[in-house]
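Encoded as structure tokens, the structure appears first; notes follow it.
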Amino acid sequence: ATLAMTTIGLHVRDSIKASYAELGVNTIAINGYRNWQQKATDSTGLVFNGFSWSKDLKNLSTIFPEIQAISPVIMTWRSSISFGGRQIDTDVRLVGVNDQIFGITEKPFLYGRPLTAMEVDDKARVCIIGNEIAQQLFRNTLAIGQIASVTVFNNQFSCKIIGVLDRQKSADEWRKPDL
Numbered sequence: 003a004t005l006a007m008t009t010i011g012l013h014v015r016d017s018i019k020a021s022y023a024e025l026g027v028n029t030i031a032i033n034g035y036r037n038w039q040q041k042a043t044d045s046t047g048l049v050f051n052g053f054s055w056s057k058d059l060k061n062l063s064t065i066f067p068e069i070q071a072i073s074p075v076i077m078t079w080r081s082s083i084s085f086g087g088r089q090i091d092t093d094v095r096l097v098g099v100n101d102q103i104f105g106i107t108e109k110p111f112l113y114g115r116p117l118t119a120m121e122v123d124d125k126a127r128v129c130i131i132g133n134e135i136a137q138q139l140f141r142n143t144l145a146i147g148q149i150a151s152v153t154v155f156n157n158q159f160s161c162k163i164i165g166v167l168d169r170q171k172s173a174d175e176w177r178k179p180d181l
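To convert a position in the sequence shown, counted from 1, into the numbering used here, add 2.
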């Protein structure tokens, strides 16, 4: 009876820990914003312009060995993407990450693959698109291997599509997680 209770207790503990992990309680996000709400008359000794990946974040895992993965997340809302004469320019978000983000977020792929460390280090022009972008731009074409044109503010560049994320579930549908 004691063995059975111990086994059930360990199973319950593991189930609770797994459900917490699904909620993201084992994940921490550090947001850094410029001093946007600072008034011209405010006095500061230092103006914060943002984190430096190499100076501020990259080595956090040497200070805190419990960190298993770390990724920057740089996001812009004023983006558009086009392919084959079709364009999406409403609610498109360009998100810059590294190869570790998919181990952290565990976002499922419909097809294709995540980024590799080599692609990040080489600053390869590759991209992973959301399900809705794939449906709107690549109606009768497989998106993998295609070259899309991305515009951020007034800067335009191309990227080779290496992955398409599966449909995302979100309580914040206004954020349009599939774009």
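Where is the CB? At the ideal position from N, CA and C, for every residue including glycine. Predicted model, so just to flag it, every value in this text is computed and none were measured.
Practice item. Using the DSSP secondary-structure output, state which residues sit across from K162 in a beta bridge. Key: Beta-bridge pairing links K162 to V128, I149.
Point to revise | Contacting residues, own chain, Cβ-Cβ under 8 Å from R36 (five flanking each side not counted) | key: Only residues of its own chain outside the window of five on either side were considered, and among them V49, F50, N51, G52 have a CB closer than 8 Å to the CB of R36, listed in chain order.
Point to revise | Simplified DSSP assignment, three categories, for T29 | key: In this structure, T29 counts as coil in the three-state DSSP scheme.
Review point. Using CA coordinates, which residue listed in F140, N133, Q102 is at the minimum distance from V166?
Key: Residue N133 is the option with its Cα nearest to V166.
Exercise for review: Express the C-alpha separation of D101 and P110 in angstroms, rounding to a whole number.
Suggested key: Rounded to the nearest angstrom, the two C-alpha atoms are 14 Å apart.
Check your understanding: Just the Cα atoms here: how many angstroms apart are W55 and A119?
Key -> The straight-line gap from Cα to Cα measures roughly 15 Å.
Practice item. Tell me, please, which residues DSSP counts as bridged to I157. Key: Note that residue 157 is Asn in the sequence shown, not Ile. Secondary-structure assignment with DSSP links N157 through a beta bridge to V154.
Practice item. Name the residue from I30, N142, F104, T78 whose alpha carbon lies nearest to the alpha carbon of N157. Key: Taking only the C-alpha atoms, the option nearest N157 is T78.
**Study point:** DSSP-derived helix/strand/coil call for T92
**Key:** Correct three-state label for T92: strand.
Practice item. Within its chain, find whatever has a CB closer than 8 Å to the CB of V128; leave out the 5 residues flanking it on each side and keep chain order. Key: If we look at V128 and ignore the five residues flanking it on each side, its Cβ neighbours are L117, E121, C161, K162, I163, I164.
Check your understanding: Is I103 helix, strand or coil by DSSP?
Key -> Three-state DSSP puts I103 in a helix.
Check your understanding: Going by DSSP, which residues form a beta bridge with F111?
Key -> Per DSSP, L167.
Exercise for review: State the Cα-Cα distance for the pair Y113 and T143, rounded to the nearest angstrom.
Suggested key: Separation of Y113 and T143 (C-alpha to C-alpha, rounded to the nearest whole angstrom) is 13 Å.
Point to revise | Separation of R95 from I130, as counted between CA atoms | key: Rounded to the nearest whole angstrom, the C-alpha separation of I130 and R95 is 12 Å.
Practice item. Run the CB neighbour count on D124, radius 10 Å, all protein chains shown included, and call it buried at 16 or more, exposed below. Key: D124 should be labelled exposed.
Exercise for review: May I ask which residues mark the beginning and end of the beta strand (DSSP E) holding S82?
Suggested key: Taken as a continuous stretch (DSSP letters only), the beta strand (DSSP E) holding S82 covers 76-85.
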